[in-house]
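Residues in the sequence shown are numbered consecutively from 63, following this note's numbering.
To start, the structure itself, in structure tokens.
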Amino acid sequence: MIRLEHVTKKYARASRPSIEDINVSIDKGEFVFFIGPTGAGKSTIIKLLLREETPNKGKIWVNDKEVVGMRSWRVPAFRRSLGCVFQDFRLLPTRTAAENVAFALEVIGKSKAVARRVVPEVLELVGLGGKEHRYPHELSGGEQQRVAIARAFVNRPLVLLADEPTGNLDPDTSVEIMRLLDRINRTGTTIVMVTHDSNIVNQMRRRVIEMEGGHVVRDQSRGVYG
Ligand SMILES: Nc1ncnc2c1ncn2[C@@H]1O[C@H](COP(=O)(O)OP(=O)(O)OP(=O)(O)O)[C@@H](O)[C@H]1O
């Protein structure tokens with residue numbers, strides 16, 4: 063499902079590679095945490111998987127597509143086929159919860175009729191039934207992240223990438239968000255999540271890939287934060 067083969071990335075203005083000779087393979091339906099100290103290269107991996115950055119060396123497959131050599135005109139459609147969730151939610155501030163989710167359907171050409179049917183379903187699924195017409199500033203951080211997850215999941219992506227999705231949330235809200243991601247994972251969606259949250263990693267007991275200085279230093283199934 064996801065594969066990095068001998069991947070090295072050195073940013074143009076950096077003195078050394080942010081990640082070096084990374085080899086990782088993730089199967090369909092896995093839930094994988096990337097952990098490690100700040101600057102270890104975790105977010106760089108997410109950016110490479112999204113093809114926001116390209117590596118200097120190596121090959122990367124996501125959804126069985128090789129993304130390094132992908133033609134640039136194919137990249138927007140490729141990105142839309144993935145679900146993405148970030149620490150800062152990234153909702154459209156002038157659109158309601160329902161409109162934010164509907165937007166993800168609009169950009170892949172789904173009709174308004176489909177949106178009318180699917181958007182309430184997915185907002186209900188994330189526990190936001192009744193708050194469809196609130197704007198992001200009228201929702202708590204946890205609720206905003208639920209909208210972001212609904213938006214990421216509405217197209218039923220095979221892969222969901224999450225870069226510190228609980229980074230701005232309190233511990234209880236973080237647990238709720240993790241329950242939601244766990245449910246999504248159980249539908250068969252592969253989830254790759256970057257986190258600094260040791261409690262979450264220890265509670266979930268899923269695969270843990272630990273990075274340090276651009277290298278994988280541990281890859282453990284049913285791992286703990288360490
Ligand atoms: N655009 C860039 N240009 C130059 N260097 C960069 C760039 N983006 C990241 N880096 C460097 O690459 C290294 C890895 O960064 P990355 O953001 O992947 O780390 P991280 O493990 O996600 O850290 P954090 O936990 O703080 O988010 C760092 O040394 C960082 O300074």
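Think of the CB as a built atom: it goes at the ideal place given N, C-alpha and C, for glycine as much as any other residue.
The DSSP-derived three-state label of H199 is helix.
Ranked by how close their Cα comes to the Cα of G229, the residues N261, I64 and L187 have N261 in first place.
Checking the 7 angstroms criterion, the Cβ of Y73 is within range of a heavy atom belonging to ligand 1. Sequence-distant partners of D259 (beyond 5 residues in either direction) whose C-beta falls short of 6 angstroms from its own C-beta, in its chain, are T228. Contact between the stretch 216–236 and the stretch 249–257 is present: 3 or more CB-CB pairs across the two stretches fall below 8 angstroms.
Residue pairing of T252 in beta bridges, as defined by DSSP: V221. For A175, the distance from the CB to the nearest heavy atom of ligand 1 is not below 7 angstroms. Secondary structure of K72 (DSSP, three-state): coil. Per DSSP, the unbroken beta strand (DSSP E) holding S87 starts and ends at I81 to I88.
In the DSSP assignment, M273 falls within the beta strand (DSSP E) that extends over R269 to E274.
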